[in-house]
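Everything on this sheet refers to the single structure shown next.
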Amino acid sequence: MPIKKTAAVFFGLLAIVGTASAAPVYLNISNITVEVGPGTSPGSFNNTFNSGQTINKVIDAPSAAAEEFHNQTTHIWYTAEQVGGGLELLFDFGLEYDITTLHFWNYTGESFDVDTVDFTFYNALDQLQGTLAVNPALGSSPGIQAEDIPLAAPLNVRYVTAFLTGDNRQVDFQNIGFTADVSDDQTQPPTPGVPSPGTLALLGLGLIGYRFANRRERG
Ligand SMILES: [Ca+2]
Ligand SMILES: [Ca+2]
1029 MPIKKTAAVF FGLLAIVGTA SAAPVYLNIS NITVEVGPGT SPGSFNNTFN SGQTINKVID
1089 APSAAAEEFH NQTTHIWYTA EQVGGGLELL FDFGLEYDIT TLHFWNYTGE SFDVDTVDFT
1149 FYNALDQLQG TLAVNPALGS SPGIQAEDIP LAAPLNVRYV TAFLTGDNRQ VDFQNIGFTA
1209 DVSDDQTQPP TPGVPSPGTL ALLGLGLIGY RFANRRERG
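As structure tokens, this is what we get:
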């Protein structure tokens, strides 16, 4: 291979690698998990879990641009017993991400669609990073495509709680997805065995108290 061509291929590869490492990631079943949360209100899941189907139907869209058709193998349908009741979903991203876009595939009609989603975002230490209430649009018809909701924040998110409600108790949707960048500064747990400044101050006060008590005993 001539030198010029080799150099061109080399720099071309560099460009691809550079782009790939900075590219946003679509979070779905291949890199995150979801489960039904204990905060889910009394209600029924109708035919959501028929024939061994799981809640992974929430995160099975292959991309943010994927189109899904409404049927019993693709959607989630929950009915709360009372108005205000809802379905709680717990997402675990595995590591911290800065979310840039939320994607929501809603049902196509008002009588079953999701009307409000309350999101709560936590970092790797389960510390609150932010909250967001979303009123998703009706899904497109007949093929349901995601509504893309840009988010300026939150940063450093590992865990997400979503509480989905319908004004008429019905919660029917296809998928929830997130486009995000891996956070540059992953939150680290405190190092065990290294006392915090507060602990050191208390220890100091304790020593002073001990010496004071000793002197009084001797005196
Ligand atoms: Ca689905
Ligand atoms: Ca509705």
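In the numbering used here, the protein residues as written are 1029 to 1247.
C-beta: ideal position from N, C-alpha, C; glycine also.
Residue i versus the options, residue with shortest Cα-Cα distance
i, options, result
"Leu1166", "Thr1061, Thr1082, Thr1068 and Asp1141", "Asp1141"
"Ser1211", "Phe1149, Asn1163 and Glu1124", "Glu1124"
"Asn1074", "Glu1175, Pro1217 and Asp1200", "Asp1200"
"Pro1090", "Thr1219, Thr1207, Asp1213 and Gln1216", "Thr1207"
"Glu1116", "Thr1101, Val1145 and Pro1178", "Val1145"
"Gly1137", "Gln1198, Pro1178, Asn1078 and Ser1079", "Gln1198"
"Pro1070", "Thr1193, Thr1219, Pro1220 and Pro1218", "Thr1193"
"Thr1076", "Thr1101, Leu1179, Gly1221 and Thr1219", "Thr1101"
"Pro1066", "Val1162, His1103 and Phe1191", "Phe1191"
"Leu1179", "Val1162, His1103, Tyr1135 and Thr1219", "Val1162"
Strand pairing of residue i, partner residues [DSSP]
i, result
"Leu1055", "Phe1206"
"Ser1072", "Thr1107"
"Gln1173", "DSSP output for Gln1173 lists no bridge partner at all."
"Gly1158", "Phe1149"
"Ile1060", "The partner list for Ile1060 (beta bridge, DSSP) is empty, contrary to what the question assumes."
"Val1185", "Tyr1125"
"Phe1077", "Its beta-bridge partners do not exist; DSSP assigns none."
"Gln1198", "Thr1107"
"Ala1190", "Leu1117 and Phe1147"
"Pro1287", "No information on residue 1287 is available, as it lies outside the stretch 1029 to 1247 that the chain covers here."
"Leu1134", "The displayed chain sequence assigns Asn, not Leu, to residue 1134. For Asn1134, which the question treats as bridged, DSSP gives the partners Phe1201."
"Asp1212", "Asp1212 is not bridged to any residue."
"Asp1141", "Asp1200"
"Glu1096", "Ile1172"
Distance CB(residue i)-CB(residue j) smaller than 8 Å
i, j, result
"Asn1203", "Trp1133", "yes"
"Ile1083", "Glu1063", "yes"
"Thr1128", "Asp1209", "yes"
"Ala1108", "Tyr1054", "no"
"Asp1176", "His1131", "yes"
"Thr1068", "Asp1120", "no"
"Leu1118", "Thr1189", "yes"
"Asn1078", "Asp1126", "no"
"Ala1181", "Gly1158", "yes"
"Gly1122", "Asn1059", "yes"
"Phe1147", "Leu1160", "yes"
Residue i beta carbon near ligand 3 (any heavy atom closer than 7 Å)
i, result
"Asn1203", "Ligand 3 is not among the ligands present in this structure, which contains only ligand 1 and ligand 2."
For the region 1158-1174 and the region 1088-1108, state whether three or more C-beta atom pairs, one from each stretch, are separated by less than 8 Å. yes
Counting Cβ pairs, one atom from each stretch, are 3 or more of them under 8 Å apart for the region 1147-1156 and the region 1108-1115? no
Could you please go through the chain and list the residues whose beta-carbon is closer than 5 Å to any non-hydrogen atom of ligand 2? Glu1138, Asp1141, Asp1143 and Gly1194
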